[in-house]
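Asks: One structure follows; several queries about it will come next.
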Amino acid sequence: MPLAGAVASHRRMVLPVNRRLALLCAPLLAFGFAACGSTSSVSGFKGEEHAAAQTISNLQTDATARDEQKICTDLLAKAVVARLELVKGGCKEAMNKQLGEIDTFEVTVESVQVNSSANPPTASASVKNVRSGKTRLSTVSLVKEAGKWKISSIS
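Going by numbering that gives the first Met the number 0, the first residue of the sequence shown is number 0, and it counts up by one from there.
In structure tokens form, the structure reads like this:
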């Protein structure tokens, strides 16, 4: 059964561009990135845990500044950027649209667990965020690419 708004084409389902964009960027919306008001906490972490937490803090800073290019270039994992490049306007436009829909942002990195034995190394951060006045817990997954922690997913 086709999804509402989907168009069947050559026996495969093709989602409209806006729907694909929403599916790709939904984790960022769920996390609550915003254009005004921001708080972040990474001072309690050391070493690789601090570096991973700092990436999350940088995402909050760049989202607040609406620096879509920096988010796409410096903070998102290659696989995420590759998926976003499939939509009209690419990663930068996808981030621009998503950031335009969010109004407040507060985030606290509660914990970070690094798996340095993975190839490539990965990290998982438990993050508390406030969106529309409600506190929520999210998990941010990161992967180390070219010596830098990059965000691979937010759930």
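Glycine residues also receive a C-beta, built at the ideal position from the N, C-alpha and C atoms.
Between V139 and I55, which are expected to be in contact by the criterion C-beta below 8 Å, what is the C-beta distance as a whole number of angstroms?
Replies: So it is a contact: roughly 6 Å between Cβ atoms.
Asks: Per DSSP, which one or two residues make a beta bridge with K149?
Replies: Paired residues: V142.
Asks: Could you have a look at S123 and say whether DSSP puts it in helix, strand or coil?
Replies: The answer is strand: DSSP assigns S123 an E or B state.
Asks: Assuming I150 contacts L141 under a Cβ cut-off of 8 Å, what Cβ separation, rounded to an integer in Å, is found between them?
Replies: With a Cβ gap of about 6 Å, I150 and L141 count as contacting.
Asks: Considering E84, what are the terminal residues of the alpha helix (DSSP H) in which it resides?
Replies: E84 -> no alpha helix (DSSP H), and no H or E assigned at all.
Asks: Taking Cβ positions, are A117 and A51 nearer each other than 8 Å?
Replies: Not in contact: A117 and A51 (Cβ atoms no closer than 8 Å).
Asks: Enumerate in chain order the residues of its own chain whose CB-to-CB distance from S113 is below 7 Å, with the five nearest sequence positions on each side excluded.
Replies: Rather than Ser, the amino acid found at residue 113 in this sequence is Val. Answer for V113: E47, E48, A51, P120 and A122, listed in chain order.
Asks: Please determine, among K143, W148, V106 and V126, the residue with the shortest C-alpha to C-alpha distance to T63.
Replies: Among K143, W148, V106 and V126, the Cα nearest to that of T63 belongs to V106.
Asks: Determine, using beta carbons only, whether L98 and C90 come nearer to each other than 8 Å.
Replies: Not a contact, by the Cβ cut-off of 8 Å.
Asks: In chain order, what residues of the same chain have a beta carbon less than 7 Å from the beta carbon of V111, not counting five sequence neighbours either side?
Replies: Hits under 7 Å: F44, E48, A51, A52, A122 and A124.
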